[in-house]
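Visitor: Starting off with a structure, shown below.
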Amino acid sequence: AQTVTQSQPEMSVQEAETVTLSCTYDTSESDYYLFWYKQPPSRQMILVIRQEAYKQQNATENRFSVNFQKAAKSFSLKISDSQLGDAAMYFCAYNYGQNFVFGPGTRLSVLP
Amino acid sequence: DTGVSQNPRHKITKRGQNVTFRCDPISEHNRLYWYRQTLGQGPEFLTYFQNEAQLEKSRLLSDRFSAERPKGSFSTLEIQRTEQGDSAMYLCASSPGLGFNSPLHFGNGTRLTVT
Chain D
29 AQTVTQSQPE MSVQEAETVT LSCTYDTSES DYYLFWYKQP PSRQMILVIR
79 QEAYKQQNAT ENRFSVNFQK AAKSFSLKIS DSQLGDAAMY FCAYNYGQNF
129 VFGPGTRLSV LP
Chain X
524 DTGVSQNPRH KITKRGQNVT FRCDPISEHN RLYWYRQTLG QGPEFLTYFQ
574 NEAQLEKSRL LSDRFSAERP KGSFSTLEIQ RTEQGDSAMY LCASSPGLGF
624 NSPLHFGNGT RLTVT
C-alpha cells in the first residue's frame, strides 16, 4: 500500500525567509503524480504545486518549488520569500490511478 | 467555476441518529471523492465516483456509511446510527478526471460532531 510521511508536524519561518517542508512516500509504481496542498485555517484545501514522477525537472510555481528525488522517494516543498498568507497546514499527496493518499500534514507558522 | 459546495457546514447530532451530507461538485467534473479528516491528520479516503458509478470504497468504511451520486451530478453521504468516533470533517472533492495528474478541487467540508 502506498503511504506518505511528513516528519515535521510543525514548522515556523520568519517573514521573507525561505522554508522547506519534507515529504517521503512509499510506492512500487514507476509513474505517478505528487502534489502539495495548502489548507489555511477554516478554509478549503487548495493545490500549491504538482510533479509527475517521469519528469526530472523540478516543478516551480512562483515562490513555491519542489525538490523531487525519485530514487529516495522524497518530495520536499520550498517556499521562498515567505508571506503571512502562507501560514497554513501543508499536505503532501500521492496519486496513482484514481485515489489520492495524503500525508499527516505540516503546520507552518509565519512570524512577522 | 463556482467551486465545490458542501452542505451543511456544521452538523451536531446525538449518537445513534442518522445524518446526510450533500456535495455539489464543479459542474464539468466527472470524478467526485469523499474524504474524512480528523484533527491534526490528513484527509483519509472514503469513496470515489466516476459519473454516477461508485468505483472504489475504502475498506475502512463501515456498513453504516453509504454514498450516492444518482445522476452523476451532486452526491450525498449518509451515516447511519452515528457514533462518537464519526466526529470529523467530511471533505468532498471533484476532478475533471482527465488523467491521474488532474488535481482535486475541494469544498469547505462538513464538520460533524456526535454527542
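Chains as they are written, first to last, in this note's numbering: chain D, 29 to 140; chain X, 524 to 638.
Idealized CB from N, CA, C, for every residue including glycine.
What do you reckon, are the CB atoms on alanine 121 of chain D and lysine 66 of chain D nearer than 8 angstroms?
Guide: As a first step, residue 121 of chain D must be located in the first sequence, where it is residue number 93. As a first step, residue 66 of chain D must be located in the first sequence, where it is residue number 38. Cβ atoms of alanine 121 of chain D and lysine 66 of chain D: not closer than 8 angstroms.
Visitor: Taking the C-alpha atoms as reference points, what is the distance between glutamine 79 of chain D and tryptophan 64 of chain D?
Guide: Within the first sequence, the letter at position 51 stands for residue 79 of chain D. Within the first sequence, the letter at position 36 stands for residue 64 of chain D. Cα to Cα, glutamine 79 of chain D sits roughly 9 angstroms from tryptophan 64 of chain D.
Visitor: Mapping DSSP to helix, strand and coil, what is leucine 583 of chain X?
Guide: Position 60 of the second sequence, counting from 1, holds the residue named residue 583 of chain X. The answer is coil: DSSP assigns leucine 583 of chain X none of H, G, I, E or B.
Visitor: Using a C-beta cutoff of 8 angstroms, does tyrosine 613 of chain X count as contacting chain D?
Guide: Here the question's residue 613 of chain X lines up with position 90 in the second sequence. No, tyrosine 613 of chain X does not count as interfacial toward chain D.
Visitor: What is the DSSP secondary structure of leucine 62 of chain D, reduced to helix, strand or coil?
Guide: Your numbering for residue 62 of chain D matches position 34 in the first sequence. Strand at leucine 62 of chain D.
Visitor: Can you find a C-beta in chain X that's less than 8 angstroms from the C-beta of methionine 39 of chain D?
Guide: For the purposes of this step, residue 39 of chain D is identified with residue 11 of the first sequence, where counting begins at 1. Not one chain X Cβ lies under 8 angstroms of methionine 39 of chain D.
Visitor: Is there a Cβ from chain D that is less than 8 angstroms from the Cβ of proline 626 of chain X?
Guide: Stepping through the second sequence from its first residue, residue 626 of chain X is reached at position 103. Output row for proline 626 of chain X: interface = yes.
Visitor: Grab me the residues of threonine 55 of chain D's own chain with a C-beta within less than 8 angstroms of its C-beta, minus the 5 sequence neighbours each way, in chain order.
Guide: Taking the first sequence and counting its residues from 1, the one referred to as residue 55 of chain D is at position 27. Counting only Cβ-Cβ distances below 8 angstroms, and skipping sequence neighbours, we find Gln30, Lys101, Tyr122 and Tyr124.
Visitor: Spatial neighbours of phenylalanine 96 of chain D within its chain, please: CB distance less than 6 angstroms, with the 5 preceding and 5 following residues excluded, ordered by chain position.
Guide: Start at 1 with the first residue of the first sequence, and residue 96 of chain D comes out as number 68. Taken in chain order, the residues that qualify are Gln79, Asn86 and Phe103.
Visitor: Using DSSP with H/G/I as helix, E/B as strand and the rest coil, what is aspartate 54 of chain D?
Guide: Within the first sequence, numbered from 1, the residue matching residue 54 of chain D stands at position 26. Note: aspartate 54 of chain D maps to strand in three-state DSSP.
Visitor: So which residues on chain D does glutamate 579 of chain X lean against when the C-beta distance must stay under 7 angstroms?
Guide: The residue labelled residue 579 of chain X in the question sits at position 56 within the second sequence. Those are Gln126 and Asn127, listed as they occur along chain D.
Visitor: For serine 528 of chain X and valine 637 of chain X, I'd like the C-alpha separation in whole angstroms.
Guide: Taking the first residue of the second sequence as 1, we reach residue 528 of chain X at position 5. Taking the first residue of the second sequence as 1, we reach residue 637 of chain X at position 114. Answer to the nearest angstrom: the Cα atoms are 22 angstroms apart.
Visitor: Got a sec: does the ligand SAM put a non-hydrogen atom nearer than 7 angstroms to the Cβ of glutamine 42 of chain D?
Guide: Among the components modelled here there is no ligand, and therefore nothing to report on the ligand SAM.
Visitor: Spatial neighbours of glutamine 84 of chain D within its chain, please: C-beta separation below 7 angstroms, excluding the five flanking residues on both sides.
Guide: As a first step, residue 84 of chain D must be located in the first sequence, where it is residue number 56. Closer than 7 angstroms at the Cβ level, and outside the excluded window around glutamine 84 of chain D, lies no residue.
Visitor: Apply the 10 Å Cβ neighbour rule to histidine 628 of chain X and answer buried if 16 or more other Cβ atoms are within range, or exposed otherwise.
Guide: As a working mapping, residue 628 of chain X is identified with position 105 in the second sequence. With 16 or more Cβ atoms within 10 Å of its Cβ, histidine 628 of chain X is classed as buried.
Visitor: Return helix, strand or coil for glutamine 607 of chain X, following the three-state DSSP convention.
Guide: Here residue 607 of chain X refers to the residue found at position 84 when the second sequence is read from its first residue. Helix.
Visitor: Considering only their Cβ atoms, is the gap separating arginine 532 of chain X from threonine 599 of chain X smaller than 8 angstroms?
Guide: Here residue 599 of chain X corresponds to residue number 76 of the second sequence, with the count starting at 1. Here residue 532 of chain X corresponds to residue number 9 of the second sequence, with the count starting at 1. Result no, Cβ atoms of threonine 599 of chain X and arginine 532 of chain X do not sit closer than 8 angstroms.
Visitor: I want to verify the contact list: residues of chain D whose CB lies under 8 angstroms from the CB of glutamine 564 of chain X, in sequence order.
Guide: The sequence position of residue 564 of chain X within the second sequence is 41, counting from 1. Correct list: Pro132 and Gly133.
Visitor: Quick check on threonine 33 of chain D: buried or exposed, where buried means 16 or more other Cβ atoms within 10 Å of its Cβ?
Guide: Here residue 33 of chain D corresponds to residue number 5 of the first sequence, with the count starting at 1. Result: exposed.
Visitor: Could you pull out every residue in the same chain whose Cβ sits closer than 7 angstroms to the Cβ of tyrosine 558 of chain X, ignoring the five residues on either side in sequence?
Guide: If you number the second sequence from 1, residue 558 of chain X lands on position 35. Contacts found: Pro566, Glu567, Phe568, Leu569, Leu614 and Ala616.
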